[in-house]
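Worksheet: one structure, shown below.
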Amino acid sequence: MNISDLLLKLFGWLSISLVVAFLIDNVMIVGFNFPGAFSIFSNFSLEGLLEFLIYIIIASITFFIVRKSNSNFRSNSQLLHNLNIYLIRSFFWIILITGLVDIAIAFMRVEKIFEFFLGKEISSNFSRPVFVGMYFHIPLIILGFIIAKFTKTIGFHWLSLLIVASELLIVITRFVFSYEQTFMGDLVRYWYAGLFLFASAYTLYEDGHVRVDIIYQGLKEKTKNLVNCFGSILLGWSTSIVIILLCFYGKQSIVNSPVANFEVTQQGSVGMFIKYHMAVFLAIFGITMLIQFISYFFESIADYKNEKGKRIIETSTSH
43 MNISDLLLKL FGWLSISLVV AFLIDNVMIV GFNFPGAFSI FSNFSLEGLL EFLIYIIIAS
103 ITFFIVRKSN SNFRSNSQLL HNLNIYLIRS FFWIILITGL VDIAIAFMRV EKIFEFFLGK
163 EISSNFSRPV FVGMYFHIPL IILGFIIAKF TKTIGFHWLS LLIVASELLI VITRFVFSYE
223 QTFMGDLVRY WYAGLFLFAS AYTLYEDGHV RVDIIYQGLK EKTKNLVNCF GSILLGWSTS
283 IVIILLCFYG KQSIVNSPVA NFEVTQQGSV GMFIKYHMAV FLAIFGITML IQFISYFFES
343 IADYKNEKGK RIIETSTSH
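What the sequence shown shows, in our numbering, is residues 43 to 361, in sequence order.
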């Protein structure tokens, strides 16, 4: 492997591995009150040193694996894309199952069904977001990752259909049965947010984003590949990194604070306890887009170098 190929691969893989280290560090800071990896430069502590070593170890492992690997850019791109597909598929199952379970809990909580069967003392737990999050949401998240391992389809078409069905159910219950609750709208917003933010990375892979194209289509194939390479980094990579940093930088960040407090909407117990999930959606969007942009970066290099197995994308007239 020549030095330029090594540096390009290292850039892509280190970008992802250091984000993984950053997420681990974030859990240690928010969940276990660690001081932060870079606190050792201002106020040395063993906890800070441990966090800093996590970055060093993960970066070193990444360097060693990339240095020893003989895989080409196209196989690296496909590997990252497959990882992204698994993550997106997992998140689809997570919001599907969690949405159905949480709306069932919200319905039984609002209509006092829990109180009828379980008594007032036990049923009061279902009004606590921490209880629902710890004993229902977290197991369902794990279940979603397991189900995704054994399924092949991403499921966005089904999620779109479920959103339409949910809206239809709201209309029927409101105008036919005069019944409406906050949690019904919460479910639609929850699924719609997931559909939009989770599908973005896959849409990028399929070249399905709508764009106003003035110059690109008239360029030579080699020039297009270079534009894709630089665009993936200058626009895609940089934007994704900024989103991830905004989501997780500090305990009071837009993701850390809601998740740490199991934050819910102002409607409280009459709605679904999924507001903190929707904060995480922003981080998932940033992470999956970062992975896909690095995959696209590798694929563009592979196309530029005329590596075998070039993917033919069907162009839509709507682009």
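Think of the CB as a built atom: it goes at the ideal place given N, C-alpha and C, for glycine as much as any other residue.
Values in this document were obtained by computation on a predicted structure and should not be read as measured data.
Item: C-alpha distance - I164 paired with F158, whole-angstrom precision; Value: 11 Å
Item: Reference I147, options G278, V269, H179, V297, closest by Cα; Value: H179
Item: Cβ contact (3+ pairs, closer than 8 Å) linking the stretch 112-127 and the stretch 341-356; Value: yes
Item: Distance, V72 Cα to V172 Cα; Value: 16 Å
Item: N298 vs F290 beta-carbon contact at 8 Å; Value: yes
Item: V143 versus F74: straight-line alpha-carbon distance, rounded; Value: 29 Å
Item: Assigned secondary structure, N85 (DSSP; H/G/I helix, E/B strand, else coil); Value: coil
Item: Presumed contact (8 Å Cβ cut-off) between T330 and N126, rounded CB distance; Value: 6 Å
Item: DSSP state of S351 mapped onto helix, strand, coil; Value: According to the sequence as given, residue 351 is Gly; it is not Ser. Of the three classes helix, strand and coil, the one that applies to G351 here is coil, per DSSP.
Item: Presumed contact (8 Å Cβ cut-off) between R151 and S311, rounded CB distance; Value: 6 Å
Item: Local conformation of T224 per DSSP, three classes; Value: helix
Item: Helix, strand or coil at E341 [DSSP, three-state]; Value: helix
Item: C-alpha gap between T104 and L95, whole angstroms; Value: 14 Å
Item: T281 to F225 span [Cα, whole Å]; Value: 33 Å
Item: Rounded separation between S220 and L204 - CA only; Value: 22 Å
Item: Continuous alpha helix (DSSP H) assignments of at least 4 residues falling wholly in the stretch 147-181; Value: 155-160, 162-165, 171-174
Item: Cα-Cα separation, G54 to I214; Value: 50 Å
Item: Residue span of the alpha helix (DSSP H) that contains A302, given as start and end; Value: 298-302
Item: Rounded straight-line distance, which links the Cα of S59 to that of F106; Value: 12 Å
Item: Neighbourhood of W279 by C-beta, 6 Å cutoff - its chain only, sequence neighbours within 5 removed; Value: F335
Item: Cβ separation of G236 and I137, assumed to be a contact under 8 Å, to the nearest whole Å; Value: 4 Å
Item: Local Cβ density within 10 Å of N348, reported as buried at 16 or more and exposed below that; Value: exposed
Item: Of the residues F327, I296, Y247, the one placed nearest I355, counting alpha carbons only; Value: Y247
Item: Extent of the continuous alpha helix (DSSP H) run through V69; Value: 45-74
Item: For N270, the first and last residue of its enclosing alpha helix (DSSP H); Value: 263-273
Item: Per-residue DSSP class, three states only, for S360; Value: Because the pLDDT of S360 is 42, which lies under 50, any placement of that residue in the model is unreliable, and the number read from its coordinates should be weighed accordingly. Reduced to three states, the DSSP call for S360 is coil.
Item: F323 versus V301, F217, L91, K266, residue with shortest Cα-Cα distance; Value: V301
Item: Given S166 as reference, the closest of R216, I256, K154, G351 once Cα atoms are compared; Value: K154
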